[in-house]
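S.K.: Structure in structure tokens, see below.
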Amino acid sequence: MKPTELARELWLRMDQRNLTPKGSNAAMTLRKLLLVTTTLFLSFFSLIAIVAVARHFGIEPRILKDPNHVFHPGAVATVIAILLVPIGIVTITQFLLHQSTFRSIGATPFSAIDFAKGFFAGLAAKAVALVIAIVASEQVSFALAIPADTFAFGIETWALLFCWYLALLVLNSINEELVYRAYPIGTLVDNKTTHRLAFLLIIAAALLFSLMHFVIEEPSLWRFLYRLAFGGLTGLVFLETRRIAPLVGIHTGWNFVALSFSDTDWRMGGLLHITGLAPTTELHANVFVLAAATLMFFLLQKQRSARMKHQLERRSDVNGKKEASS
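Just so you know, we're using the numbering used here here: the sequence shown kicks off at 1043 and counts up by one.
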């Protein structure tokens, strides 16, 4: 027997007898957990630091949503920092500390088809929530967000602003899905992880994802619950697909409807002004639709798993009968 074959045989026997050192595995898992936790908190607190620095230079969070300051140098720098710094932190951790790549957590390769499927799914889900909110409201009015005299400045002005809006929309989705879904779940969940632990991790990441928004927003219970539900749904989707592209698509499609069909100014992506919605009606509809989608996805995946298990058992029985007959 060759030395390489002998080594392989010894390793297989150790694995079969469960003689693999458990201490080293436990230490590696603990190291991963500490790295992921530290990275997530660094990403979270980096946002607080960025906002604090921006305020020092007179850039308040409200300016970031002011249509009159879309291309204000300070506002642009703050927005870019908010979107890129967390990605940079995860990139450094993944490549230097984990000594791994984005492929291992499903961030690459990025499939345009998966993104498109996710985009239309997110768009449809948010559209359903919006329709529910409109039906539940008493006095709702609609108007084109782009005023008639807008094009007096030239179509190029609107196109430039809208392309900038779309670019930020996609970059925001990549940022949040990489930092709060693909990185923690892709790093800590493997085929040996129990379902309960995986779900706890998804909820923990969704909690941090939801809280992160209040760095530049006023705290709101229903906004917190709605984003928690969104994080839970996209976490489950990632757990099943192990690819970030569908999540980025879902996130982008959802936010596109949420921003473009609301009271958002045309200079910040607004297409259709919808006014008269009760303050919390749309948030209630968001939570309802996301909870229903999460439950539906969970049940479908459970049914699929049961069907696959049944097929494997049948195949095993057939193979057993063939071996017995031979």
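For every residue, glycine included, the Cβ atom is placed at its ideal position computed from N, Cα and C.
What number of angstroms, rounded off, separates the C-alpha of V1231 from the C-alpha of A1240?
M.R.: Mapped onto the sequence shown, residue 1231 falls at position 189. Mapped onto the sequence shown, residue 1240 falls at position 198. Going by the C-alpha atoms only, they are around 6 Å apart.
S.K.: Quick check on DSSP: helix, strand or coil for T1317?
M.R.: What you label residue 1317 is simply residue 275 of the sequence shown in a count that begins at 1. Three-state result, T1317: strand.
S.K.: DSSP on F1144, reduced to helix/strand/coil?
M.R.: Counting from one through the sequence shown, the residue named residue 1144 turns up at place 102. It is coil, neither helix nor strand.
S.K.: Below 8 Å, can you find three or more Cβ-Cβ pairs linking the region 1269-1287 to the region 1309-1316?
M.R.: no
S.K.: For the alpha helix (DSSP H) that L1202 lies in, which residues bound it at each end?
M.R.: The residue given as residue 1202 occupies position 160 in the sequence shown. Residues I1197 to E1219.
S.K.: Going by DSSP, which residues form a beta bridge with F1303?
M.R.: Sequence index remark: in the sequence shown, residue 1303 carries index 261 (1-based). In the DSSP assignment, F1303 forms a beta bridge with L1314.
S.K.: Alpha carbon to alpha carbon, how far is Q1181 from V1118? Give it in angstroms, no decimals.
M.R.: For the purposes of this step, residue 1118 is taken as residue 76 along the sequence shown, with counting starting at 1. For the purposes of this step, residue 1181 is taken as residue 139 along the sequence shown, with counting starting at 1. Spanning the two alpha carbons is a distance of roughly 36 Å.
S.K.: Please look up how many angstroms separate the CB atoms of F1298 and L1106, rounded, as I've assumed it's under 8 Å.
M.R.: For the purposes of this step, residue 1298 is taken as the residue at position 256 of the sequence shown. For the purposes of this step, residue 1106 is taken as the residue at position 64 of the sequence shown. In fact, because the Cβ distance is near 19 Å, the residues do not count as touching under 8 Å.
S.K.: Looking at I1147 and T1229, is the spacing between their C-beta atoms short of 8 Å?
M.R.: Locating residue 1229 in the sequence shown gives position 187, counting from the first residue. Locating residue 1147 in the sequence shown gives position 105, counting from the first residue. Taking 8 Å as the Cβ cut-off, T1229 and I1147 qualify as a contacting pair.
S.K.: Which partner residues does S1183 have in the DSSP bridge list?
M.R.: Along the sequence shown, read from residue 1 onward, the residue named residue 1183 stands at position 141. For S1183, which the question treats as bridged, DSSP gives the partners T1317.
S.K.: Using a threshold of 8 Å, state whether the C-beta atoms of F1137 and G1295 are closer than that.
M.R.: The residue labelled residue 1137 in the question sits at position 95 within the sequence shown. The residue labelled residue 1295 in the question sits at position 253 within the sequence shown. Taking C-beta atoms as the reference points, F1137 and G1295 fail to come closer than 8 Å.
S.K.: Taking three-plus beta-carbon pairs below 8 Å as touching, is the region 1300-1311 in contact with the region 1330-1337?
M.R.: no
S.K.: What is the DSSP secondary structure of A1149, reduced to helix, strand or coil?
M.R.: Taking the first residue of the sequence shown as 1, we reach residue 1149 at position 107. Reduced to three states, the DSSP call for A1149 is coil.
S.K.: Relative to the C-alpha of F1266, which candidate in K1168, L1089 and S1252 has its C-alpha closest?
M.R.: Along the sequence shown, one-based indexing puts residue 1266 at 224. Ranking K1168, L1089 and S1252 by Cα distance to F1266 puts S1252 first.
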